[in-house]
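Note sheet for the following structure.
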Amino acid sequence: MHISILVILGFWLFSFNETAAQPRRVLQDAGAAGQIVVIPQRSAGDEMLRLSRDGRRLWSARAQRFEPFRDGAPVPIAPGETAIGITGWTGGAYCCWTLHLFRRGDGGLAHIASLPLGKREPEVVRLVPPGATAIRLADAAFDFWEAPASLAADLHPTIPFRWTGRALEPDRDAMRRPVAAALGTACADMTAPDDMPPPEQRLPTYPDVAGAVAALRARDWTATPARGTQHPGVEAARLAACLIYAGHAAEARRLLHDVWPVGQPGLPETERQLAARLACSAFAAAVRAINARGAPYLGMRCDREGPAQTAVFALGWR
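Numbered continuously in the working numbering, the sequence shown closes out at residue 414.
Laid out in C-alpha cells, this is it:
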C-alpha cells in the first residue's frame, strides 16, 4: 500500500517537475497590442493557448499541442485581409485539429474564430479554393461517418465564411445554394495533398435529384464496398448533408426516401445520425437559419454521447 502511494507520488512529482520545466512559448508578440503565448499545464502534454493584453487574459483554449499554422504565414480571410493562424491538436491516432485565428486591429490582437478541422492534417488543408476569396470549411461534425477509424468516410458538408470586420462567421447568404450545386461540387473536402487530384475532381456529381437517385439505386446495396469505395448509403447521406447545408432539408429527406431500396436496412439509422451530428455541430444555428421552420433533421437536441451519433456504425458498411 505504502509503496504504491510512493510510486504514484513519484510519478506525479516527475510529471509536475517536467511540466514546470517546460518554458512558455511566445507565438506572437505585438507589444501593447497583445501577446499570444503557449503555457504548458500540469497534465502531461497538455498546453494552454492564451491571448492577453495589458496583463489581462482575453481568450484561452487547451489542447495537447499548439503550433503556428503554415509556419506563421498569413491566413487570407477576405480580400486584403489576413489573420494569424495557430493549430491545436487534441491527440489521438486519427484526430483532431482546430485552427484558431487572430487578427490585429485598431483595438489590438483579437481572437476572430476557432475553426474545427476534424481529422484533416493542417499541412494538407486548403482553406480557400481556387477562384474563391473567402474560407470554406468542411464541417468536421460529419467525419467518421460509418466507422470510428481513419478509413471511415467523411461527408464534409461545407460552410462558406465571411469577414464581418470583427469576426469570421458562416456566410448564410452564400450557404443558400441551388440543388444543382449541392449535388455538384458545393460540398468538397478541404484536403488537397500534392499527390492527389483537387477535391472537386474526386467527387461524383449528379445533374439533378432524379439522376442521383437513379445512379445510387443502380449500385449494389448488399455488398461490402471494395477498398477505396463507399457504400451507396454513405453517398446518399453525403448528398443529403450537402442539401441540408444548402437550405434544402426537405429535399434531402425526399432524396433519402426515394433512393433507399425497399427492405434494405440503414435508412432510419442514417436519418438519426444526420440529425444527431447536426445538433452537435458548431454551425447548427447557421444551418437552421437557412432552412425553413420545421424542416426535417433540424430539431434534435445535442447529445454527444448518445447512440444516435454512431447509429450507422452497426450496419457494417465499412
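Heads up, the beta-carbon is just placed ideally off N, CA and C, and yes, glycines get one too.
Sorting 304, 258, 284 by C-alpha distance to the C-alpha of residue 276 places 304 at the top. In terms of CA proximity to residue 121, 164 leads the group 164, 198, 129. Around the beta carbon of residue 212, 16 or more other beta carbons lie within 10 angstroms, which makes this residue buried. Contact check for residue 231 against residue 382 fails: the beta carbons are separated by 8 Å or more.
Per DSSP, the unbroken beta strand (DSSP E) holding residue 265 starts and ends at 264-266. Leaving aside the five residues that flank residue 248 on each side, the residues in its chain whose CB is nearer than 7 Å to its CB run, in chain order, 240, 241, 242, 414. A straight line joining the alpha-carbon of residue 261 with that of residue 174 spans about 10 Å.
Under the criterion of beta carbons closer than 8 Å, residue 265 and residue 258 qualify as touching, at roughly 7 Å.
Between the C-alpha atoms of residue 380 and residue 368 there is a straight-line separation of about 15 Å. Using a Cβ distance threshold of 8 Å, residue 372 and residue 396 count as a contacting pair. Sequence-distant Cβ neighbours of residue 223 in its own chain, meaning closer than 6 Å and more than five residues away, are 231.
Classified as buried, residue 271 has 16 or more neighbouring CB atoms from the shown chains inside 10 Å of its CB. The C-alpha of residue 182 is placed about 37 Å away from the C-alpha of residue 412. Among the bridge pairs identified by DSSP, residue 234 is matched with 254. In the DSSP assignment, the residues bridged to residue 145 are 134, 157. Straight-line measurement puts the Cα of residue 310 at about 23 Å from the Cα of residue 408. Its Cα nearest to that of residue 246, the residue 188 stands out among 197, 188, 278.
Assigned with DSSP and collapsed to three states, residue 330 falls in helix.
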